[in-house]
Each structure stands twice: as C-alpha cells, then as structure tokens.
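**Student:** In order, the protein sequence lines correspond to chains A and B. To convert a position in the first sequence, counted from 1, into the numbering used here, add 11. To convert a position in the second sequence, counted from 1, into the numbering used here, add 11.
Number of protein chains: 2
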Amino acid sequence: MGKYSAVIDMGSNSVRLVIYYEAAGGAVYEVDNIKNTIRLGAFLDENNDITEQGIQEAIRVLRQYRQLCQAREVSAVTGVATAAVRNARNCEAFLEQIYQETGFTLRVLSGEEEAYYGYLAVVNTMNITEALTVDIGGASSELVKISGRKLAESHSFPFGAVTLTRRFFGHFSPTEAEIAAMEEYLRKEFSAYSWIKEKKYPLIGIGGTVRNLGKVHQKMTRYPFPGLHYYQMKKYQVDSVYHYLRELSPAQMQNVEGLSKERADIIVAGISIIKILLEYIGTSKFIISNKGLRDGVYMEARLQARNLPLIEDVVEEGVAMFMANYNVNVLHARHVDSVCRTMFDQLARQGLHIYGEEERRLLSVAARLHDIGRMINLGEWQQHTFYLLMHVLLPGLTHREQLLTALIASYKGAKRLQRLVAPYESLVSEADLQMVEQLGLLLLMARALDRTESQQVSNVKLTREGKCVILRCQGVDERSLEAQTLEEHRKKFKKQFGIPLHVKWAKTP
Amino acid sequence: MGKYSAVIDMGSNSVRLVIYYEAAGGAVYEVDNIKNTIRLGAFLDENNDITEQGIQEAIRVLRQYRQLCQAREVSAVTGVATAAVRNARNCEAFLEQIYQETGFTLRVLSGEEEAYYGYLAVVNTMNITEALTVDIGGASSELVKISGRKLAESHSFPFGAVTLTRRFFGHFSPTEAEIAAMEEYLRKEFSAYSWIKEKKYPLIGIGGTVRNLGKVHQKMTRYPFPGLHYYQMKKYQVDSVYHYLRELSPAQMQNVEGLSKERADIIVAGISIIKILLEYIGTSKFIISNKGLRDGVYMEARLQARNLPLIEDVVEEGVAMFMANYNVNVLHARHVDSVCRTMFDQLARQGLHIYGEEERRLLSVAARLHDIGRMINLGEWQQHTFYLLMHVLLPGLTHREQLLTALIASYKGAKRLQRLVAPYESLVSEADLQMVEQLGLLLLMARALDRTESQQVSNVKLTREGKCVILRCQGVDERSLEAQTLEEHRKKFKKQFGIPLHVKWAKTP
C-alpha cells in the first residue's frame with residue numbers, strides 16, 4: 012500500500028496544495044494540484060497587518076485543502092508561507108488563527124530558505140551543475156548561484172510580480188515612463204550583487220510568472236513538445252514576449268493563449284525581472300523550471316528520509332522510478348541495457364559510429380524503459396512506450412533528449428520513425444534521426460538477445476573481420492529464441508552501419 | 012505483490028505462450044505473448060503419427076517457453092493441445108516425451124472442450140447474449156450457438172485452414188474448380204446442423220484466420236480505431252477480402268498489409284469457412300473476437316477461483332479492473348458516477364434530453380474511469396485519459412461505444428472535442444457528438460460537485476422552474492471548493508441544454 016503526503020505553499024499571489032502519492036515500490040507522482048489566487052499580498056492594511064478579510068480568505072481556502080487531504084487520507088502535510096506572511100506585522104496571530112480553524116501549521120520561510128527550496132527543486136530535476144536561478148514570487152524574488160550542484164550564493168530581493176506592479180504601474184497598461192522607472196530600479200537592485208554576473212551560466216526561472224512566460228511563448232511558436240519543465244528560451248525570445256504583452260490592453264490580455272487570467276495584470280512586471288536579469292548577467296540562455304518551492308519542500312523530506320543531501324544522479328533516479336512505476340522486469344531491462352552499452356562501445360572501437368557519452372546515456376535510458384508501454388496494452392506496446400516517454404517528466408533530460416530517448420526506445424523501423432517524429436521535426440536534425448536508427452537497431456538486437464528475459468546470453472563480442480562484422484554470443488545456441496529473434500534484425504545492420512553482420516552462437520564458452 | 016501465470020496453446024498451425032500478470036489489487040494484464048508457427052499438423056506421417064522432426068520442433072519451442080516462464084517466475088502454467096495432437100496416433104507418447112524434456116503437461120482438448128473455451132472467451136469479453144461463434148483452427152473448426160449467454164449447441168468440424176488447403180488446393184493460387192469443390196464440401200458439412208440457421212444472430216469469429224481477415228480489412232479501409240476485438244464487418248466486406256486474396260499470387264500475398272506471412276498460404280481456405288457459414292446462416296453481421304481458446308482456458312481458472320460460471324457483467328468487471336489498475340480513488344469515482352446518473356435521470360424527466368439506457372451506461376463508465384490518466388501525468392491528464400481509454404481493451408464495448416466513452420470521460424470543451432475526434436470521424440455521427448457534449452458537461456459538473464473528493468454533496472436535485480433549471484445541492488455552501496468549481500461550468504449548461512442553470516447550496520438539509 013502506498014501513502015499520500017501533501018505540501019501547502021502560501022504565497023503572496025496564490026495558495027497551492029499538491030498531493031503526492033508514494034507507491035510501495037518507491038514510485039512517486041502528483042495526484043492533485045490545486046491553486047487559489049487569493050493574492051494575500053494585497054490584503055495588507057496601513058500598519059502592514061493582514062486584514063480580517065485576508066485572513067478569512069486564507070482560512071476558507073485552507074478548509075477546502077483540509078477536505079482534500081482528509082479524503083485522500085494524507086499522512087503528512089508540510090505547510091510553508093513566504094514573503095506576504097513573513098512581512099506582515101500580525102504574522103504570528105495569523106498563523107495561530109489558521110491553526111485553530113484549519114489544523115494546519117504553516118512554517119514561515121526566510122528569504123534564504125525560499126532560495127534554498129527553489130535551488131533544491133532545480134538541482135534535483137535538471138541535469139545542471141552551474142547555473143543561476145531566479146524564483147519570482149508575488150512579493151519577493153530569490154536569486155541563487157549554483158556551482159558544482161551546490162548552492163554557492165543566494166539573495167532574496169524584496170520585490171516580486173505583485174509588489175512591482177503596485178509600486179510602479181498605474182491602473183492601465185504601463186507607460187514608457189513607468190516601465191523605465193521600474194527597470195531602472197531593478198538594475199540598481201541587482202548591481203549590488205556582483206556574483207550574479209556569470210556570463211557563461213544559464214538563468215533558470217522558477218515560479219508562476221516564469222511558467223506563464225514559457226506557456227505564452229510555446230503557444231506563440233506552436234511548440235510541439237508536450238512539456239514545460241526544461242523549456243529553453245533565448246534572451247531575444249523573452250524580450251519579444253515582454254514587448255508583445257506590454258502593448259496589450261487589459262481586455263486584450265484576457266485573450267492571450269497560455270496566459271492565466273489571474274496573472275494578466277502582473278505578468279509584465281514579472282517578466283521585466285527576467286529581462287533585466289538576463290541583461291545584467293550577460294547571458295542569452297533562459298531555462299524554465301516547472302518545479303519550484305513546493306517541490307523543494309517535498310524533496311527535502313524525501314531526501315532526509317534517505318539521508319542524502321541531493322539526488323546523486325537525477326536521470327538514474329528517474330529511470331529507477333519509472334521502472335518501478337510501470338512494473339518493468341528489472342533484470343531483463345538491466346541486461347538489455349548492459350548488452351546495448353557493450354555493443355555501442357565495441358562498434359565505436361571498430362570505428363562504426365561516432366557517438367559519445369551523451370548518446371550512450373540516451374541509449375541506456377531507452378534500454379531500461381523500452382518496456383513501459385506494455386502496462387497499457389501489449390498490442391502495439393512500442394507506440395504506448397513512445398506516448399508515455401513523451402508525456403511523463405523524465406527528470407534531467409532536455410526536451411530534445413527526451414524525444415530522442417522515446418524514439419530509440421520505441422524504434423521498430425524507418426517508416427514508423429518518420430511517422431512518429433513528424434509532429435516534432437523542429438526539435439531534431441537529420442543527423443539525430445540517423446543516430447536514432449542506429450541506436451534503435453542496437454536496442455532491437457539487445458532485446459532479441461534476451462528475448463526469453465532470462466539473461467542467458469552472458470557474453471557478446473563484436474569484431475570486424477574482413478568485409479563484415481561478426482557478433483559472437485555466448486550462452487545459447489542457434490536454436491534458441493534469442494537466435495531466432497535476432498535473425499529478424501540482423502539484415503538491417505548493413506543498412507545502418509554499412510557493413511554486413513554475421514552471428515556466431517556458442518552455448519558454452 | 013502480484014503473480015504471473017501462463018497458458019500454452021498447441022494448435023495445428025502454431026504454438027503460443029501467453030503470460031498474464033495478476034496484480035495484488037485484482038488487475039490482470041498480458042505481459043508477454045509469443046507465437047511460433049511450427050505447423051504441427053503438417054508433421055504427420057502415413058500412419059498419422061507426429062514425425063520425429065515434428066516432435067523435436069515442438070520440444071524446441073516449448074524449451075524456449077520454459078525459459079520465459081522461469082524468467083518471470085510464473086506460478087501456474089496451463090497447457091492445452093488441440094486437433095493436431097488429438098488426432099495423432101502417437102498422441103500419448105508425444106505428450107509423455109514433451110513432459111520428460113520440457114516439464115510441461117499438455118492436456119488434449121476434445122472438440123467440445125475447444126468449442127467451450129472459445130465460447131467462454133467471447134461471452135466474457137463481449138456484451139453478447141445471442142450469437143453464433145466459429146473458431147477456425149488449423150485442423151478443426153468449432154461452431155457454438157450462444158443463447159441467453161449460455162452455450163446452447165456446439166459442434167467441432169474436422170477441417171481447418173491448414174487441412175482444407177492441403178485437401179483442396181494445389182501448389183499455386185487456387186483454381187475456380189478447386190474453390191468450387193471446397194465450397195461444395197463446406198456447404199454439405201454445415202447442412203447437417205440445422206441449429207446453425209439463425210438469421211438474426213451475428214457470427215463471431217475466433218482464431219488466427221479471423222484476426223488476419225480483420226487486420227487486412229482494417230488496413231484496406233484505413234480503419235482509424237486502434238483495436239481488433241469487436242471489429243464488425245458486413246458479409247459483403249468479408250466477400251470482398253476473400254475475392255481480393257484468392258486472385259493473388261503467393262508473391263503478391265507477401266505484400267498484403269495486415270496479412271501474416273506465415274498464414275498467407277492458408278488464409279483463403281480459412282476465410283472460405285466464414286464466407287460459406289455467413290451464407291448458410293443467412294446473416295450479414297460478422298464480428299471479430301481477438302480473444303479465443305487460450306483466453307477461455309485462462310478465464311476458466313479465474314472464474315473457478317471465484318466460484319462463478321461466467322463474469323456477470325462484462326462491462327462492470329472491466330471498469331472495476333481499470334479502477335484498480337490505475338489507482339483511481341474509488342469512493343470519488345463512484346460518487347461522481349452516482350451524481351451523473353441522478354442528473355441524467357432528472358434531466359430526462361424534465362424532457363431536457365432524449366437519451367436512454369445505452370447512453371446512461373456510457374456516462375457511468377466514463378464517470379468512473381475519467382481519472383485514470385492522472386497516473387501518467389497530472390498535467391493534461393484528460394488527454395492521457397483519452398489515450399488510455401482508446402488503447403486499452405474495454406471489454407463489452409463496441410469500438411464506437413469505446414470512443415464515445417473516451418470522449419465523454421476526457422471532455423473539456425467543444426474545441427478540444429473536435430480535435431480529439433478528428434481521426435475517428437467515420438465512427439461517429441453529428442448526433443453522437445452532441446450527446447458527448449451534453450453528457451461530458453454533466454460529468455464536468457458531477458466532478459465539480461465532488462472536487463474535494465470527500466463526498467460531501469449528499470443530495471442533488473434538478474428541477475425546472477419557469478424559464479430556468481434549478482440545481483439544489485445539499486452538504487456544502489457556496490464558499491466551498493465544490494461551488495467554486497461548479498461555477499466554471501454552470502454557464503455552459505444553457506448552450507448544451509437550451510435553458511439557463513442556477514444553483515442553490517445548502518450546507519444542511
């Protein structure tokens with residue numbers, strides 16, 4: 012039996028509840044995720060107290076969350092609150108009243124803690140060692156410098172999308188002068204922190220503003236990949252969304268595809284933070300993280316339970332999780348992976364391909380997850396594997412890498428590949444597809460070599476002998492299911508690697 | 012922990028192993044399915060003994076199956092053998108040798124048993140009360156008459172696709188005279204069984220010949236639905252595939268899309284059985300079953316364990332299985348279903364829709380399975396629900412019904428519906444889509460009414476008052492998440508049902 016746990020994140024713009032399911036086998040996934048834009052940051056009176064109306068709004072929403080948690084029998088709820096609550100004079104009384112009326116204990120995070128949790132979310136879901144991150148909230152923005160996967164520097168700036176909008180903008184679309192004043196302010200704020208100036212680091216964005224920026228750009232460009240996490244933008248693309256949005260009237264804003272209606276009034280101020288930051292850093296590379304504060308809070312507990320500071324290898328962790336989640340025969344999957352990598356290395360030594368570590372890793376991930384589609388339906392399982400690998404979050408992989416992995420894992424032949432890849436053409440090159448065909452064939456061969464899923468083929472050796480390549484397999488003879496299945500793929504070898512393949516079988520060494 | 016079990020089916024044309032996984036929660040699915048066309052029926056000498064070569068072929072394949080079973084730690088293997096073994100003079104010695112060399116015990120089925128298992132597979136996976144079934148094997152064909160879901164009559168005919176081909180056809184494409192002789196023979200055989208003549212019954216086909224016929228026709232017509240089980244053909248469509256194939260040379264046969272290369276030489280004889288049967292019965296309705304003998308064998312054990320003669324309600328059984336398989340919150344799903352059906356009935360009484368039992372059932376299935384896509388990814392879960400409902404086998408539903416269920420379950424709005432349904436247009440009518448929009452909206456409303464998944468809305472009443480419909484909900488007030496979520500859908504009511512909706516909330520009765 013699995014268990015449920017939850018995180019509540021009370022920000023200045025919205026409150027959110029995420030419920031996670033942890034299966035007995037270790038797999039984790041979100042089962043519910045609900046947001047209420049109550050904009051607590053706007054319920055402050057002249058003394059900086061959260062008003063009675065604000066308190067009642069917060070309690071109303073938390074009571075709903077309480078019901079959701081009870082219905083799922085959530086065993087542990089971690090609640091956190093950020094700048095709006097932190098800065099309120101009646102913070103303590105507010106939290107006490109929430110506890111009395113809803114039973115939830117919210118912990119107020121310091122700016123440093125906010126920064127830390129955002130960092131934790133990014134570093135555990137992206138394959139990143141050096142980067143800057145910015146988490147743009149309603150009333151604060153946290154900047155972190157990541158070096159060697161460690162949090163090297165951090166600072167919490169006292170402005171966010173809501174507070175910038177209230178301070179600099181009037182009621183209508185911002186004027187040139189308003190924009191200029193805000194940008195000037197931001198430049199000055201950042202200039203006090205010289206560690207930000209890391210030209211070679213990408214900037215990774217976190218939070219609702221960032222997600223909305225990414226969604227709007229994906230809609231504008233009809234981006235085909237079905238995911239937001241790890242979406243990459245160039246500086247000029249951020250600028251173009253910014254300039255597009257700041258010209259729109261509030262009414263026009265309501266019709267922008269991908270833009271949340273509840274965020275329309277604060278999005279320009281939010282994006283300006285990214286724009287000015289990218290200028291100040293001197294980088295052109297912006298990456299969107301769909302994981303943020305609440306995921307960091309959740310991960311902290313999971314990591315503590317395992318006595319780990321960080322997930323050691325983000326990609327490997329994800330692969331292990333999906334193998335558990337989709338009931339993969341792990342012995343078989345690992346064997347196929349090992350045979351794939353052996354053949355990959357041997358062919359490289361023979362000069363039969365030019366691929367390196369990156370491709371080898373994609374092949375290895377594909378080899379271990381190729382079977383996950385079977386859980387949907389054994390008929391056409393390769394198609395289901397492709398669908399799953401395109402629609403789950405494979406942490407640590409860029410969209411292009413995820414697509415290539417999905418294509419290798421579900422490879423059956425050239426015609427089918429063309430059909431599958433058609434909607435995603437803009438993400439891959441001709442050379443990528445050639446690589447998919449070659450590595451896809453290696454995977455087909457490795458699967459054939461363990462068709463009985465019993466790991467009998469103990470040794471595989473590819474050598475070049477004259478005008479052909481010989482594959483020597485130990486452990487089964489030519490009457491085995493392995494031999495019979497491999498024969499279906501043997502002839503494709505010449506087309507992919509330009510040289511014919513012959514196979515020799517030996518039951519014993 | 013789940014467990015694995017397996018069925019081996021040794022026929023005259025092929026041997027097959029299917030491995031089933033039974034999860035702890037009751038879900039069952041196939042994890043492996045492998046076929047070897049060894050054509051045992053052809054390894055008979057002049058004394059009707061299976062030859063040594065035939066025996067060795069069977070043992071070779073079964074040894075492979077043994078490895079597959081060991082690798083999965085299969086706990087129970089049920090092996091059966093049909094006509095080829097049954098008719099062999101050395102049947103007993105053959106089985107003994109198989110046991111000695113592979114450890115498998117194969118049970119020889121009588122013709123009646125063969126007929127029974129085919130019947131069992133059909134009646135437990137289709138929503139059928141009266142029908143004729145024909146299971147076309149290599150060396151025999153079983154006919155069953157189903158009345159009131161019971162096996163009313165059955166007979167095993169001593170001919171199949173392999174034996175008819177050998178008896179009537181020369182080495183090349185069959186001549187007119189050969190075809191005529193075979194058809195004459197079949198007519199005579201059937202004419203001895205007058206219970207076959209049930210004009211109003213559909214004929215349901217089982218076995219490899221039938222599956223191949225269906226696949227070829229699906230390819231010919233570019234049929235969009237991704238499933239073979241419950242594929243419906245008219246008599247003239249069977250005839251057209253038959254006439255098309257009998258004109259082809261063996262070389263041309265190899266390029267027919269959907270046709271198994273190993274079956275190309277016997278397919279014409281196999282289809283002729285269906286053609287002549289349809290003529291003799293006087294029905295024009297032919298339905299393909301993708302489930303057959305081996306599934307019947309597997310089901311018998313499962314049903315015995317539950318002390319049931321048949322699965323009582325095929326659709327309900329499937330729904331329960333998928334709820335378990337995809338970790339659905341069952342209390343929530345059942346509550347949504349109940350609210351859906353209540354609203355459906357109340358609106359019918361007000362004359363606001365014209366749908367009946369059939370649509371009510373689709374709505375009920377959709378209501379209970381609408382959440383299954385969450386397991387893939389909470390983001391865009393409706394799209395994943397649609398994908399899953401289109402690609403799993405929902406027993407008891409026709410393709411059209413399955414498509415409609417998938418559309419209702421994943422309904423979000425008209426635009427998205429158009430996009431999802433586009434590839435399947437040929438399966439539905441304009442009226443179907445209107446029904447999907449109306450029932451889809453009811454499902455959205457019912458889900459809203461249990462948004463906290465805590466079944467607080469205990470009573471729902473829709474009444475027509477003057478020029479609008481009033482929805483009275485008991486159990487929560489207008490500040491609840493239920494009320495808030497329902498408001499998002501309330502306005503769509505007028506568009507779908509032609510009359511505005513107002514909602515009244517009462518926390519207590």
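From the three backbone atoms N, C-alpha and C, an ideal C-beta is built for every residue, glycine too.
1) Against Glu498/A, what residues of chain B qualify as contacts under a CB-to-CB distance less than 7 Å, listed in chain order?
2) Would you grab the beta carbon distance between Ala34/B and Gly13/B for me? Rounded to a whole angstrom, and I think it's under 8 Å.
3) Thinking C-beta only, is Glu370/B closer than 8 Å to Met446/B?
4) To the nearest angstrom, report how far apart Gly65/A and Ser25/A are at their CA atoms.
5) For Asp20/A, name the three-state secondary structure that DSSP assigns.
6) Looking at C-alpha atoms only, which residue of Gly362/B, Met332/B, Tyr130/B is the closest neighbour of Leu304/B?
7) So with CB distances below 9 Å, who are the chain A contacts of Leu415/B?
8) Mind checking which residues open and close the beta strand (DSSP E) that includes Ala163/B?
9) Of the residues that make up the region 480 to 494 of chain A, which ones have a beta carbon closer than 8 Å to any beta carbon in chain B?
10) What's the C-alpha gap between Ala99/A and Tyr31/A?
11) Could you give the residue range of the beta strand (DSSP E) that holds Thr474/B?
12) What residue from Gln243/B, Gln263/B, Tyr204/B has the CA that sits closest to Ile215/B's CA?
13) Identify every residue that forms a DSSP beta bridge with His513/A.
14) Kindly indicate if chain B contains any beta-carbon less than 8 Å away from that of Ile298/A.
15) Check the Cβ of Ser465/A against every Cβ in chain B and list those closer than 8 Å, keeping chain order.
16) What are the residues that DSSP puts in a beta bridge with Lys245/B?
17) Please compile the residues from chain B whose C-beta is within a distance smaller than 7 Å of the C-beta of Met334/A.
18) Is the CB of Arg385/B under 8 Å away from at least one CB in chain A?
19) Could one say the Cβ of Leu399/B lies closer than 8 Å to chain A's Cβ atoms, at least one of them?
20) Which whole-angstrom value describes the C-beta separation of Val403/A and Asn388/B, a residue pair presumed to lie in contact below a C-beta threshold of 8 Å?
21) In terms of alpha-carbon separation, which member of Lys46/B, Met386/B, Glu391/B, Gln467/B lies closest to Glu41/A?
22) Closer than 8 Å, CB to CB, is Tyr40/B near chain A or not?
23) Which of the residues in the region 217 to 241 of chain A, read from start to end, lie with their CB under 9 Å from any CB of chain B?
24) Under 8 Å between the Cβ atoms of Ser152/B and Gly171/B?
25) With distances taken from CA atoms, which of Asn470/B, Asp461/B, Arg411/B is nearest Ala2/B?
26) Given that a residue counts as buried once 16 or more other Cβ atoms are within 10 Å of its Cβ, and exposed if not, what is Asp20/B?
27) If Gln373/B sits next to His364/B, beta carbons under 8 Å apart, how far is it from one beta carbon to the other, in whole angstroms?
28) Three or more C-beta pairs closer than 8 Å, one from the region 452 to 466 of chain A and one from the region 496 to 503 of chain A: is that the case here?
29) Taking the DSSP output, what are the residues bridged to Val39/B?
30) State yes or no: is the beta carbon of Gln75/B nearer than 8 Å to at least one beta carbon in chain A?
31) Given a threshold of 16 other Cβ atoms within 10 Å of its Cβ, counted over all protein chains shown, does Lys472/A qualify as buried or as exposed?
32) Take Ala92/B as the anchor and find which of Gln265/B, Ala69/B, Arg274/B, Met401/B has the nearest alpha-carbon.
33) Tell me the residue span of the beta strand (DSSP E) that contains Leu154/A.
34) Please name the residues in the region 42 to 72 of chain B whose beta-carbon is closer than 9 Å to at least one beta-carbon of chain A, in chain order.
35) Looking only at its own chain, which residues have a Cβ that is under 6 Å from the Cβ of Gly486/B, when we skip the five neighbours before and after it?
36) Compare the beta carbon distance of Gln229/A and Gly269/A with 8 Å and say whether it is the shorter of the two.
**Tutor:** Quick look at the numbers:
1) Neighbours of Glu498/A on chain B: none; closest Cβ ~13 Å, over 7 Å.
2) 4 Å
3) yes
4) 12 Å
5) strand
6) Tyr130/B
7) The contacting residues do not exist; Leu415/B stays about 19 Å from chain A at best.
8) 161 to 168
9) Arg490, Ser491, Leu492
10) 30 Å
11) 470 to 476
12) Gln243/B
13) Ile481/A
14) no
15) Gln78, Leu79, Gln81, Ala82
16) Lys296/B
17) The contacting residues do not exist; Met334/A stays about 14 Å from chain B at best.
18) yes
19) yes
20) 6 Å
21) Met386/B
22) yes
23) Pro237, Gly238, Leu239
24) yes
25) In this structure chain B extends from 12 to 520, so residue 2/B is not present and cannot be described.
26) buried
27) It is Leu, not Gln, that sits at residue 373/B in the sequence shown. Not a contact, Cβ separation roughly 13 Å.
28) yes
29) Glu33/B
30) yes
31) exposed
32) Ala69/B
33) 152 to 158
34) Val42, Asp43, Asn44, Ile45, Asn47, Arg71, Val72
35) Gln467, Val468, Ser469
36) yes
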